[in-house]
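Peer 1:
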Amino acid sequence: MTIEQRISAFNELGQLFLYISNNNAPISDVLKLKFNALDEEINFAINDAEAYNNWFTKENIFFALENWANALTTEHLYAWISNYNFTVTEKNVGIIMAGNLPLVGFHDLLAVVLAGHNALVKTSSKDDKLMLFIIKFLYTINDDFKQIIKKIDRLENFDAVIATGSNNTARYFEQYFSKVPNIIRKNRTSVAVLNGTETNDELKALGDDIFRYYGLGCRNITKIYFKSEEQIPTFFENILDWGTTVINHPKYANNYDYNRAIYLLGKDDFLDNNFVLLKKDENLHSPIAVVNYEIYSDLDEVKSYLINNEDQIQCVVGNDLKDNPNYVAFGKTQTPLLTDYADNIDTLKFLAEI
840 MTIEQRISAF NELGQLFLYI SNNNAPISDV LKLKFNALDE EINFAINDAE
890 AYNNWFTKEN IFFALENWAN ALTTEHLYAW ISNYNFTVTE KNVGIIMAGN
940 LPLVGFHDLL AVVLAGHNAL VKTSSKDDKL MLFIIKFLYT INDDFKQIIK
990 KIDRLENFDA VIATGSNNTA RYFEQYFSKV PNIIRKNRTS VAVLNGTETN
1040 DELKALGDDI FRYYGLGCRN ITKIYFKSEE QIPTFFENIL DWGTTVINHP
1090 KYANNYDYNR AIYLLGKDDF LDNNFVLLKK DENLHSPIAV VNYEIYSDLD
1140 EVKSYLINNE DQIQCVVGND LKDNPNYVAF GKTQTPLLTD YADNIDTLKF
1190 LAEI
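Sequential numbering of the sequence shown, starting at 840, is according to our numbering.
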């Protein structure tokens, strides 16, 4: 398949995502007819994904699809690959996907295929329903995708690997895949630094950065640095809109209740607004339904700490952090661009050089 055919196919997939997430989407009549015929299959895939993994609510699935629909335009895809020279012989690239968010492994699949390689896809059991639907849909666009994208249960006959997992599984991956070119991703999280001058709109947007996908992603804010304790009531007030959404989710509520009980028994220092716990803690990572926080006096010390620990950090949010290479604006952590790479490793550069 030519690069033009591949980009055209992913653009059509983006149109499908737009159709699913927005009934009034501006889609051609030809594609509407095609997509209408898939309504039953689409609804089954979404319902099956939610039933199999209760974290994958329809709201979050539609949010992920809409974000991908915005990315999969012909213009964006050509702009993305334009800075790379994919002249190497095609390789078989194994992709071991995570499953913490809907379609979290799709970026790797997209990158491998646009780089001209073959994708050997090992989906996570937590997110295989949507991925399998997408792969089958690509098959309907062009039969050649059956040779380019293969769903596998065991990774064999591969030339390179992109694997995502926990810090523990990463150690296994690093040893097992040490003899081939690889990208091995580990646990990361995201951080906000507030100086007290933030607008209400910025703090409301910060709520999106914290609670979208129930805090399960590496781009979710799990640690906040406040300049003063006096900022906390205003922070709590501006994230209230998320309260009903998260606390009415059984799994999130169970985590909230469990962590609250543990902190009470341990007499830990924490604040509670009935749907999230704000715990005074130096750690960057926090459990579900918990946001760690510190009070800082020296901004330069915080900046240095974030740079020195950037191997644990995906995004940093804050008006004083625009010089940080991982800076993201308030409310934008969950809407990454094609060029926003997991673990800040340029996947296309890797694929161009293997």
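Virtual Cβ for every residue (Gly too), placed ideally from N, Cα, C.
Considering only C-alpha positions, which residue in the set V1156, W1081 and I1049 is nearest to P1126?
Peer 2: Start at 1 with the first residue of the sequence shown, and residue 1126 comes out as number 287. The shortest Cα separation from P1126 among V1156, W1081 and I1049 belongs to I1049.
Peer 1: Look up V1141 in the DSSP assignment and say whether it is helix, strand or coil.
Peer 2: Stepping through the sequence shown from its first residue, residue 1141 is reached at position 302. Of the three classes helix, strand and coil, the one that applies to V1141 here is helix, per DSSP.
Peer 1: Which same chain residues end up closer than 7 angstroms to Q1151 when comparing Cβ atoms and leaving out the 5 residues on each side of it in sequence?
Peer 2: Your numbering for residue 1151 matches position 312 in the sequence shown. Closer than 7 angstroms at the Cβ level, and outside the excluded window around Q1151, lie R1027, T1028 and L1123.
Peer 1: State the start and end residues of the unbroken beta strand (DSSP E) segment that holds E1133.
Peer 2: As a first step, residue 1133 is located in the sequence shown; it is residue number 294 there, counting from the start. According to the DSSP assignment, E1133 belongs to the beta strand (DSSP E) that extends over V1129 to I1134.
Peer 1: With burial defined as no fewer than 16 other Cβ atoms inside 10 Å of the residue's Cβ, what is the status of P865: buried or exposed?
Peer 2: Along the sequence shown, one-based indexing puts residue 865 at 26. By the 10 Å Cβ count, P865 comes out exposed.
Peer 1: Just to confirm my understanding: we take Y1053, look at its own chain, exclude 5 residues before and 5 after, and list those with CB closer than 7 angstroms. What are they?
Peer 2: Translated into positions along the sequence shown, residue 1053 becomes position 214. Here the set comprises W894, V1085, H1088, Y1091 and I1127.
Peer 1: Compute the Euclidean distance between the alpha carbons of D878 and V1030, then round it to the nearest angstrom.
Peer 2: Here residue 878 is taken as the residue at index 39 of the sequence shown, counted from 1. Here residue 1030 is taken as the residue at index 191 of the sequence shown, counted from 1. Cα to Cα, D878 sits roughly 40 angstroms from V1030.
Peer 1: DSSP has S1029 in a bridge; who is on the other side?
Peer 2: Start at 1 with the first residue of the sequence shown, and residue 1029 comes out as number 190. DSSP output for S1029 lists I1060 and C1154 as bridge partner(s).
Peer 1: Tell me the residue span of the beta strand (DSSP E) that contains N957.
Peer 2: Numbered from 1 along the sequence shown, position 118 holds the residue referred to as residue 957. Counting along the chain, the unbroken beta strand (DSSP E) around N957 starts and ends at N957 to K961.
Peer 1: Quick one: grab the DSSP three-state call for I885.
Peer 2: Walking along the sequence shown from the start, residue 885 turns up at place 46. Collapsing the DSSP output to three states places I885 in a helix.
Peer 1: Got a sec? Which residues, its chain only, sit under 6 angstroms from D1039 by beta carbon, not counting five neighbours each side?
Peer 2: Position 200 of the sequence shown, counted from the first residue, corresponds to residue 1039. For the sequence presented, residue 1039 should be read as Asn rather than Asp. Within the same chain, and ignoring the five residues on either side of N1039 in sequence, the residues whose Cβ sits closer than 6 angstroms to its Cβ are N1077.
Peer 1: Please say whether V932 and F849 have beta carbons closer to each other than 8 angstroms?
Peer 2: Stepping through the sequence shown from its first residue, residue 849 is reached at position 10. Stepping through the sequence shown from its first residue, residue 932 is reached at position 93. Cβ distance not < 8 angstroms, so F849 and V932 don't count as in contact.
Peer 1: Would DSSP call L1110 helix, strand or coil?
Peer 2: Taking the first residue of the sequence shown as position 1, residue 1110 is located at position 271. Looking at L1110 - three-state DSSP - the assignment turns out to be strand.
Peer 1: Looking at C-beta atoms only, is the number of pairs between the region 983-992 and the region 1013-1026 that lie closer than 8 angstroms three or more?
Peer 2: no
Peer 1: At the level of alpha carbons, what is the spacing between T913 and L855?
Peer 2: Residue numbering aside, residue 913 sits at position 74 when the sequence shown is read from its first letter. Residue numbering aside, residue 855 sits at position 16 when the sequence shown is read from its first letter. Answer to the nearest angstrom: the Cα atoms are 14 angstroms apart.
Peer 1: Kindly indicate which three-state DSSP category G1082 falls into: helix, strand or coil?
Peer 2: One-based indexing of the sequence shown puts residue 1082 at position 243. Here G1082 sits in helix by DSSP.
Peer 1: Under 8 angstroms, do V1155 and L1145 count as touching if we go by C-beta distance?
Peer 2: Start at 1 with the first residue of the sequence shown, and residue 1155 comes out as number 316. Start at 1 with the first residue of the sequence shown, and residue 1145 comes out as number 306. For V1155 and L1145, yes; Cβs fall inside 8 angstroms.
Peer 1: Is G1170 helix, strand or coil by DSSP?
Peer 2: One-based indexing of the sequence shown puts residue 1170 at position 331. Judged by DSSP in its simplified three-state form, G1170 adopts coil rather than helix or strand.
Peer 1: Check this for me: beta carbons of I793 and E1013, under 8 angstroms apart or not?
Peer 2: Since the first residue of the chain shown is 840 and the last is 1193, residue 793 is not available in this structure.
Peer 1: Would the beta-carbon of L1042 fall within 8 angstroms of that of F1074?
Peer 2: As a position in the sequence shown, residue 1042 is number 203, starting the count at 1. As a position in the sequence shown, residue 1074 is number 235, starting the count at 1. Result yes, Cβ atoms of L1042 and F1074 sit closer than 8 angstroms.
Peer 1: Taking 8 angstroms as the threshold, find out whether the region 867-887 comes into contact with the region 918-935 through three or more Cβ pairs.
Peer 2: no
Peer 1: Are N1158 and T1036 touching if we call contact CB-CB under 8 angstroms?
Peer 2: Here residue 1158 refers to the residue found at position 319 when the sequence shown is read from its first residue. Here residue 1036 refers to the residue found at position 197 when the sequence shown is read from its first residue. Taking 8 angstroms as the Cβ cut-off, N1158 and T1036 qualify as a contacting pair.
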